[in-house]
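In terms of UniProt numbering, the sequence shown opens at residue 1 and continues consecutively.
Every residue, glycine too, gets a C-beta built ideally from N, C-alpha and C.
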Amino acid sequence: MADTKAPAISQARAQPVLKPFFLAIPVVLFLLAFFVLPLIDNGMRSFANAETDGFTLSRYVSLLTDPFYFRVVAETILLSTVVTVISIVIGYPVAYFLVRKAGRWSGLVIFLLIAPLLTSIIMRTFGWQVLFARRGLVNNLLVEQLGIISAPLRLTNSPEIAIAALVHVLVPFMVLSISSVLQGLDRHIEESAKILGAGRFRTFWEVTLPLSLDGVGTGAILVFMIANGSFVTLVLLGGGFQTLPLMIYQQFNTTRDFGMASAMSTILLVIAILCLWLQLRLVRRKGA
1 MADTKAPAIS QARAQPVLKP FFLAIPVVLF LLAFFVLPLI DNGMRSFANA ETDGFTLSRY
61 VSLLTDPFYF RVVAETILLS TVVTVISIVI GYPVAYFLVR KAGRWSGLVI FLLIAPLLTS
121 IIMRTFGWQV LFARRGLVNN LLVEQLGIIS APLRLTNSPE IAIAALVHVL VPFMVLSISS
181 VLQGLDRHIE ESAKILGAGR FRTFWEVTLP LSLDGVGTGA ILVFMIANGS FVTLVLLGGG
241 FQTLPLMIYQ QFNTTRDFGM ASAMSTILLV IAILCLWLQL RLVRRKGA
């Protein structure tokens, strides 16, 4: 009798293990078909040599050693870093106000943060052109309404406007990342610091800020990765930047060099992977 029950028990124990596996099969197949295989094909295309039907590293050598391409890679990273730093400076006070000071207005603040994300990025970028074009709202206000200047200013196609537009698009990700961490902080720790004699600034600098660095790091990774691959904003607003996404667009549509475009895409992917590695090593705590 015991021998007949043993297979049934082992089969019952195996079902909870096998069932989640079978449920994951559609997701795994979808990722393989539309994510992993395209990445593999893109990587193989970057190494392909059309002349000898072999493999070559010449494209990656050019990207990492040629002064022009090296400057493009460096400018891409620098632009993403600048946008990330500005987003932290702007986003942290907003997140702190949202969690600690907004009160019943927190719903409105969250709506104002999320509302731009519901609008197409193209429409938001065109909004910057409407504001700062030669005959836009700002120039009309300065020339016709206030009479401060006699001729319209050339505000578009400048690095400052392009960076401001990127920050406008990406700062909600920073605010939401920081606010989620601030929301989970134990307020008793701050109260204990104040009881021990620390003022508001010292409590914030030595207690609140260190405990919220996880949110700052997560938001910085998100903003950096998205800014690293930003394309539409820089195409429409210009700014004189030469970044990898713009170069990939040119390689696909102008020079038709798909191999070089694939190599540039792989470099962007490597930068994104390095960002995730930094998040795992520097931001996430053990057991988190």
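- When only Cα atoms are considered, R124 and I110 end up about 18 Å apart.
- Proximity to T266 across L57, P20, R154 peaks at L57, based on C-alpha coordinates.
- For the pair I121 and V175, the CB atoms are not nearer than the 9 Å cut-off.
- CA-to-CA, the gap between V216 and G43 works out to about 32 Å.
- Selection D214, A220, L39, L137 evaluated against V83 yields A220 as nearest (Cα-Cα).
- If the five residues before and after Y60 are omitted, its C-beta is found closer than 7 Å to the C-beta atoms of A263, all from its own chain and listed in chain order.
- Boundaries cannot be given for G239, as no alpha helix (DSSP H) includes it and DSSP labels it neither H nor E.
- Ranked by Cα distance from Y69, the first of L182, Q183, L244 is L244.
- In the three-state scheme derived from DSSP, where H, G and I count as helix and E and B as strand, N139 is classed as helix.
- L79 places its beta carbon less than 9 Å from that of A227.
- The C-beta of T119 has fewer than 16 other C-beta atoms within 10 Å across all chains shown, which makes the residue exposed.
- The C-beta distance from A162 to L237 rounds to 5 Å, short enough to meet the 8 Å contact threshold.
- Here G54 is bridged, per DSSP, to N49.
- A distance below 8 Å between beta-carbons, with the five flanking residues on each side excluded, links E206 to the following residues of its chain, in chain order: A193, A198.
- Contact annotation: L211 and V181 have beta-carbon atoms nearer than 9 Å.
- L278 and I149 have their alpha carbons spaced roughly 48 Å apart.
- For the pair I77 and I248, the CB atoms are not nearer than the 9 Å cut-off.
- If you draw a straight line from the Cα of R45 to the Cα of G259, it is about 6 Å long.
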